[in-house]
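All remarks here apply to the structure that follows.
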Amino acid sequence: MEITFLGTGVAIPQKGRVQSGVLVSLEEKPLLIDCGSGVLSRFPDAGVSHTNVDTVLLSHLHLDHVADLIPLLKANWLRGKTDMRVYGPDGTEDWFSRVLGAYEYILDGVDVDVIELSPGKEFTPEGFDCEITCAATDHSVPTLAYRVTAEDGEFVYSGDTAPCRDIMDLAVEADLLIHECSFPAGTKVTNHTTPSTLAEMLEDYNNEIGSICLTHFYPEMRGHEKEAIHRLKDYVEGEIILAEDLMRLEL
Ligand SMILES: [Zn+2]
Ligand SMILES: [Zn+2]
1 MEITFLGTGV AIPQKGRVQS GVLVSLEEKP LLIDCGSGVL SRFPDAGVSH
51 TNVDTVLLSH LHLDHVADLI PLLKANWLRG KTDMRVYGPD GTEDWFSRVL
101 GAYEYILDGV DVDVIELSPG KEFTPEGFDC EITCAATDHS VPTLAYRVTA
151 EDGEFVYSGD TAPCRDIMDL AVEADLLIHE CSFPAGTKVT NHTTPSTLAE
201 MLEDYNNEIG SICLTHFYPE MRGHEKEAIH RLKDYVEGEI ILAEDLMRLE
251 L
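In structure tokens, the structure reads:
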């Protein structure tokens, strides 16, 4: 399985990073996790056609994770691809119908299934050969972390969160944990992660976590990347990776 980071940033614009989006290439077809602003424009950069994407997992409904979902649907519709399945936490159905409700001309031309998920849910998205498990995160709105298990690998995507046990438990024995790291060590913040709060949590996991890829960086993280690696490297079995837009990881 190949993981392409389409966007590794947040709601504040910054050079080189658009908002959140991760494209997972499974054997059958790609699965998109989150679709923040700028993610759609990364498809040509990544050499992938947006029309290949008909399944999207949303971690939560904050704009930096969903702003390009309707533009993706529209781009697909303009190219004759009209079906889509959108999975997300509690509230996704209501959010989707309100937003798409403002664009009746698109609404009439597409066929979208919205499926709400809850923590603990395990499912296989239609047309895929992988299993996805959901866990609650520690964020300001209902947010889900996902573990994706396929034949050739297993990873966890944290969504937005302060470090929490439900995500770590999900990540034990996975090859990779993609974890948000919004701010540098020492920043006082709730609902998000810093290298110091993540290190504190990892202390209890005694190298049970494989590799960690940090993403979802605020501009404040710039210049503090090496410090983050240094702070975390002794707590994982594998390596600490810093996500960049268009970076690819193979599992
Ligand atoms: Zn958020
Ligand atoms: Zn976010």
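Numbers 1 to 251, taken from full-length UniProt numbering, label the letters of the sequence shown in order. The beta carbon of each residue, even a glycine, is placed where N, CA and C say it ideally should be.
Boundaries of the alpha helix (DSSP H) in which residue i is found, first to last residue
{"i": "residue 314", "result": "Past the edges of the chain, shown from 1 to 251, lies residue 314, and the structure says nothing about it."}
{"i": "Gly101", "result": "Thr92 to Gly101"}
{"i": "Asp45", "result": "Val39 to Ala46"}
{"i": "His65", "result": "Leu63 to Val66"}
{"i": "Glu225", "result": "Glu225 to Leu232"}
{"i": "Thr51", "result": "Here Thr51 belongs to no alpha helix (DSSP H), and DSSP marks it neither H nor E."}
{"i": "Leu246", "result": "No alpha helix (DSSP H) contains Leu246, which DSSP labels as neither H nor E."}
{"i": "Glu104", "result": "Glu104 to Leu107"}
{"i": "Glu200", "result": "Pro195 to Leu202"}
{"i": "Ile70", "result": "Leu69 to Leu78"}
Strand pairing of residue i, partner residues [DSSP]
{"i": "Tyr146", "result": "Cys134 and Tyr157"}
{"i": "Leu23", "result": "Thr4 and Leu32"}
{"i": "Ile241", "result": "Cys213"}
{"i": "Ile115", "result": "Tyr87"}
{"i": "Glu180", "result": "Thr215"}
{"i": "Phe123", "result": "Ile132"}
{"i": "Ala162", "result": "Asp138"}
{"i": "Arg17", "result": "Gln14"}
CB of residue i within 8 Å of CB of residue j, strictly
{"i": "Ser211", "j": "Asp175", "result": "yes"}
{"i": "Asp64", "j": "Gln14", "result": "no"}
{"i": "Val39", "j": "His216", "result": "no"}
{"i": "His179", "j": "Ser196", "result": "no"}
{"i": "Gly7", "j": "Gly36", "result": "yes"}
{"i": "Met201", "j": "Pro163", "result": "yes"}
{"i": "residue 287", "j": "Leu246", "result": "In the structure displayed, the chain extends from 1 to 251; residue 287 sits before or after that span and is not available."}
{"i": "Thr124", "j": "Glu131", "result": "yes"}
{"i": "Glu28", "j": "Gly153", "result": "no"}
{"i": "Ile209", "j": "Ala171", "result": "yes"}
{"i": "Leu31", "j": "Thr4", "result": "no"}
{"i": "Ser118", "j": "Asp94", "result": "no"}
{"i": "Ala150", "j": "Leu232", "result": "no"}
6 Å CB neighbourhood of residue i in its chain, flanking five on each side removed
{"i": "Val141", "result": "His60"}
{"i": "His224", "result": "Pro184"}
{"i": "Thr133", "result": "Glu122 and Arg147"}
{"i": "Gly238", "result": "Gly210 and Ser211"}
{"i": "Gly88", "result": "Leu58"}
Own chain partners of residue i with C-beta closer than 7 Å, once the 5 adjacent residues on each side are dropped
{"i": "Thr92", "result": "Leu58, Leu61, Val86, Val114 and Glu116"}
{"i": "Val99", "result": "Ile70"}
{"i": "His50", "result": "Leu40, Phe43, Leu72, Ala75 and Asn76"}
{"i": "Ala243", "result": "Phe5, Thr8, Cys213, Leu214 and Thr215"}
{"i": "Met1", "result": "Val24, Ser25, Leu26, Ala150, Asp152, Gly153 and Leu251"}
Sequence-distant residues of the same chain with beta carbon closer than 8 Å to residue i, five excluded per side
{"i": "Thr82", "result": "Asn76, Gly109, Val110 and Asp111"}
{"i": "Glu227", "result": "Pro184, Ala185 and Pro195"}
{"i": "Ala145", "result": "Ser59, Cys134, Ala135, Ala136, Thr137, Val156, Tyr157, Ser158, Gly159, Thr161, Asp166, Ile167 and Leu170"}
{"i": "Tyr205", "result": "Met168, Val172 and Tyr235"}
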